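In this note's numbering, the protein residues as written are 409 to 887.
Just so you know, even glycine gets a beta-carbon here, dropped at the ideal spot from N, CA and C.
All values reported here derive from a predicted model rather than from experimental measurement.
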RNA sequence: GGUCCCAUCGUCUAGUGGCCUAGGACGUGGCCCUCUCAAGGCUGAAACACGGGUUCGAACCCCGUUGGGACCGCCA
């Protein structure tokens, strides 16, 4: 069988967004599943809107997601000469023609057509203009565009891997512009030329291209090439069921990195938007590659649900090693000013701190935030928590605990528990009565990992210091 | 407006004619666990858009209706 070759072809007119990322992912999975080739191609024929920054941003996003491509990134602007040759060939063969209608005239006609309810289609008036030798336009010295001559009769079948057979009436197809008046080629033409040139076997792209497909098929035929297979993915929608856009919140992939999402989690969430494998929710990359198939891709558009993404991320955080998380969380700690850029944290200690927090943090950002009370020199008390737990009622308990802990050499769970138990028995109180004041003393708030774990991570010196501070604070209130 | 696509809980989905008194996941209610918060466990509410066929039998097949979406650019 022919080797599978697919491509992801974004236009650099914006960041890599989640919709694009999912398209890239499906291409990637299909390629890997079939031991094929995954190509990255930048569609930058729109020179007014494409920028170098966005090209870099897209590449950065792809790399962050770990969607490694095998060939490219190719850029269409590097290939303008090739397109022009193909256009000339079509014109020579009578399969394309020059059109002298101006953009303004076209716009007017479109408005008129819209007003009287006619299809918004080019009327073909320049189809035979060269033959009639109408010199009016040449006198005006207009630069013509080149239009592709679509067949006017019959039907075109798009045999889609996801949607099945879709038929279009050729009479509905427009004589589309393939070369602009400035001599640059347009999308519908360059995709075909590039896909032919790069020997693409399967075109996997968004649903929004389905209506372009019959036109492209005719270009393939005019050029004398075999038509590849198509797979049109359903769209990703916002909560209001319209096409996902900035209005719906973050759409840029890198924005999710900044919010503290793991790339694997984003990918796992995205793949489930439109693809399912029974009831399984969490997939390793290997499983994804192994199981991926268009048969399991749905046809209906899917609403992007940030809450499920958060859950997915929390699952991945819980199941990622604390050592790895330690490395990932550092930039967030710096950004949060929990540590300075040059401070040295003990990696082993940080990992053990993360051990206690990873099932409580849904994002790396949250993890960094939770870590602050372990790392900071000083705790700040939440006023409510202080009023409720750092008061006369707990003063004796804290004093006694401090005394007792001064005698404990290693802050192991077992040793700490013995110390706590003794005090609880002395005062006839339950663990809660002691643990909560200690928790506030240690973390400033009422929520934290188990109290023995917290003290264990904190260590003797910090624990004693914070108990002392809490005791002083209560004394100060009295005064 | 024209063309094309789509339609199972609020959301993502399983389901490919009998296994469906429709399963899972997120979210949501309750309970359990418990030093707090999580995590985890148990449990509840929650859907086949509608109408016609086809069939012994339809969430699944066909037609229509309704609803939603995409495209209709010298954007990609």
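In whole angstroms, what separates the C-alpha of residue i from that of residue j?
i, j, result
"residue 631", "residue 774", "55 Å"
"residue 712", "residue 642", "12 Å"
"residue 690", "residue 515", "50 Å"
"residue 840", "residue 747", "32 Å"
"residue 652", "residue 788", "41 Å"
"residue 680", "residue 848", "41 Å"
"residue 446", "residue 842", "60 Å"
"residue 578", "residue 440", "36 Å"
"residue 506", "residue 586", "10 Å"
"residue 590", "residue 509", "14 Å"
"residue 741", "residue 692", "28 Å"
"residue 494", "residue 448", "22 Å"
"residue 511", "residue 667", "44 Å"
"residue 601", "residue 758", "54 Å"
"residue 536", "residue 497", "17 Å"
"residue 618", "residue 644", "15 Å"
"residue 407", "residue 571", "For residue 407 there is no data in the structure shown, the boundaries of the chain being 409 and 887."
"residue 837", "residue 825", "14 Å"
Considering only C-alpha positions, which residue in the set the options is nearest to residue i?
i, options, result
"residue 854", "790, 665 and 882", "790"
"residue 795", "422, 886 and 640", "886"
"residue 482", "882, 744, 418 and 434", "418"
"residue 714", "764, 780, 749 and 646", "646"
"residue 749", "793, 475 and 739", "739"
"residue 566", "622, 707 and 616", "622"
"residue 476", "488, 677 and 433", "433"
"residue 561", "583, 550 and 552", "583"
Give the secondary structure of residue i by DSSP, where H, G and I count as helix, E and B as strand, and everything else as coil.
i, result
"residue 781", "helix"
"residue 505", "strand"
"residue 820", "coil"
"residue 660", "strand"
"residue 423", "coil"
"residue 564", "strand"
"residue 448", "strand"
"residue 635", "coil"
"residue 860", "helix"
"residue 791", "helix"
"residue 622", "helix"
"residue 410", "coil"
"residue 683", "strand"
"residue 587", "strand"
"residue 848", "helix"
"residue 776", "helix"
"residue 575", "strand"
"residue 600", "helix"
"residue 865", "helix"
"residue 481", "strand"
"residue 593", "strand"
I'd like the list of long-range same chain contacts for residue i, defined as Cβ closer than 7 Å, with 5 residues on each side in sequence excluded.
i, result
"residue 664", "658 and 674"
"residue 699", "685"
"residue 875", "806, 809, 810 and 849"
"residue 528", "518, 521 and 522"
"residue 569", "637, 638, 639 and 702"
"residue 610", "412, 414, 438, 636, 637 and 639"
"residue 649", "711"
Which residues in the same chain have their Cβ closer than 6 Å to the Cβ of residue i, if we skip the five residues on either side of it in sequence?
i, result
"residue 604", "633"
"residue 733", "762"
Under a Cβ-count criterion, where at least 16 other Cβ atoms within 10 Å of its own Cβ denotes burial, should residue i be classed as buried or exposed?
i, result
"residue 695", "exposed"
"residue 735", "exposed"
"residue 624", "buried"
"residue 821", "exposed"
"residue 443", "exposed"
"residue 563", "exposed"
"residue 704", "exposed"
"residue 421", "exposed"
"residue 612", "buried"
"residue 430", "buried"
"residue 608", "buried"
"residue 834", "exposed"
"residue 452", "buried"
"residue 726", "exposed"
Using a Cβ-Cβ cutoff of less than 8 Å, which residues in the same chain neighbour residue i once the five nearest sequence positions on both sides are dropped?
i, result
"residue 814", "872"
"residue 879", "803, 806, 807 and 810"
"residue 472", "661, 662, 665 and 671"
"residue 499", "505, 506 and 554"
"residue 697", "437, 440 and 441"
"residue 866", "782, 819, 850 and 874"
"residue 455", "485 and 592"
Going by the C-beta, is residue i closer than 6 Å to any heavy atom of the ligand ATP?
i, result
"residue 477", "Absence of the ligand ATP from the depicted structure is noted, as is the absence of any ligand whatsoever, leaving it without description."
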